[in-house]
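First residue of the sequence shown? That's 72 in this note's numbering, and the numbers climb one at a time after it.
To start, the structure itself, in structure tokens.
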Amino acid sequence: MSAKVYDATLINLNYQLQPKAHGLELKVEGFNEKLPLFLKMLVTSLVKFRPSENVFKVQRELCLRKLRNFFMEQPFHQAVFYLKLVLSEKKWSKEELLIAMNG
């Protein structure tokens, strides 16, 4: 996919993929008649993506380490997170995420 994305950037087509509370947000931008084709290629690549077992394990361990490290951060950092947690309709706590990942 990276070669196709590089080709798209040459004609000023770009994308952003960001995690959101309810899933992923995919933004595409550019002024070109190929934009619908570019979007289709991106969505198809995302749907067909299957990480190798090794890549999955490495990413899972990095995520677990980041979650565990949260509890060693300064209290004011944790307070900001918990403020957002109580004000958000759908957000999971770090404890819930750790339980789910170790489940």
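Just so it is clear, CB atoms sit at the ideal spot from N, CA and C, and this is done for glycine as well.
Given the structure is predicted, the values throughout are model-derived calculations rather than measurements.
(request) Could you spell out where the alpha helix (DSSP H) holding Ser-166 opens and where it closes? (result) Here residue 166 turns out to be Glu, not Ser, going by the sequence shown. Its alpha helix (DSSP H) spans residues 165-173.
(message) Check for me: the beta strand (DSSP E) holding Asn-83 runs from which residue to which?
(response) Careful: Asn-83 lies outside any beta strand (DSSP E) and carries neither H nor E.
(message) In the DSSP assignment, the beta strand (DSSP E) including Glu-144 goes from what residue to what residue?
(response) Neither: Glu-144 is in no beta strand (DSSP E) and is coded neither H nor E.
(message) So, with DSSP's three-state summary, where would you put Leu-154?
(response) helix
(request) Determine the contact status of Phe-141 and Lys-162, defining contact as a CB-CB distance below 8 Å. (result) The answer is no: Cβ separation not under 8 Å.
(request) State the start and end residues of the unbroken alpha helix (DSSP H) segment that holds Lys-111. (result) 106-119
(message) Please state the DSSP three-state secondary structure of Lys-128.
(response) Lys-128 sits in a helix when the DSSP states are folded into three classes.
(message) At the level of alpha carbons, what is the spacing between Asn-85 and Leu-168?
(response) 32 Å
(request) Name the one or two DSSP bridge partners that Gly-101 has. (result) Its beta-bridge partners do not exist; DSSP assigns none.
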